[in-house]
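Report on the following structure.
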Amino acid sequence: MTNAFIALSLMSAALLFVAYRQGKHIDGLKAAKKMFLNVLPLLLCAFIIVGFIDLLLPKEALQAWMGEGAGWKGLIIGPVVGALIQGGPYAFFPLFDAVFRESVSIGTAVAMITAWGMINVGHLPYEFTFLGPRFVTLKYSIYIALPSLAGLLAALLFD
């Protein structure tokens, strides 16, 4: 049992207690069931993808390109990989945990996660359509360097 599981269990129990006291616990449990059933197919697909990527992607190659000794190479490749990975946290974090966590340096990990959160190449067609090329170019001109800088700062502070 992990600390995260314990913390989430305690928060769930506390919220259930508060909702019960207000007579809203049944509605809360119904909402939780609906969300669980909506997310379950995504989780299943994400775990299947993670399982196969973990088997098919050689750890040695990951460590050479993004590991402790990769230096600047990892700070450049990490954000590119992070920006290209599509999906929400239910897909990204299990993938990151299984495939990258033990293979990449702290700087590369921070750069990759920062890029995933900031830069989503899947949004580009919508951004160009609704926000215009000038705004999108300005946005990405600023965003492009930030993940690598965050990774560099993390490497300097924690390596």
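When you number the sequence shown by our numbering, it's gap-free, plus one each residue, and the end is 320. In this text, a Cβ means the ideal position worked out from N, Cα and C, and glycines have one as well.
Asked: Secondary structure, alpha helix (DSSP H): runs of 4+ residues fully inside the stretch 212-247; Found: 220-227, 233-245
Asked: Cα-Cα separation, Gly-230 to Glu-263; Found: 14 Å
Asked: Extent of the continuous alpha helix (DSSP H) run through Asn-164; Found: 164-182
Asked: For Leu-314 and Ala-276, the rounded distance between their alpha carbons; Found: 14 Å
Asked: Reference Ile-135, options Val-265, Val-297, Gln-183, Met-279, closest by Cα; Found: The displayed coordinates of the chain run from 162 to 320. Any statement about residue 135 would go beyond what the structure contains.
Asked: Contact check, Gly-312 vs Gly-283, beta carbons under 8 Å; Found: no
Asked: Chain-order list of residues whose beta-carbon lies under 6 Å from that of Ser-309 (same chain, five-residue window excluded); Found: Leu-236, Pro-240, Ala-272
Asked: Start-to-end residues for the alpha helix (DSSP H) that takes in Glu-288; Found: 285-292
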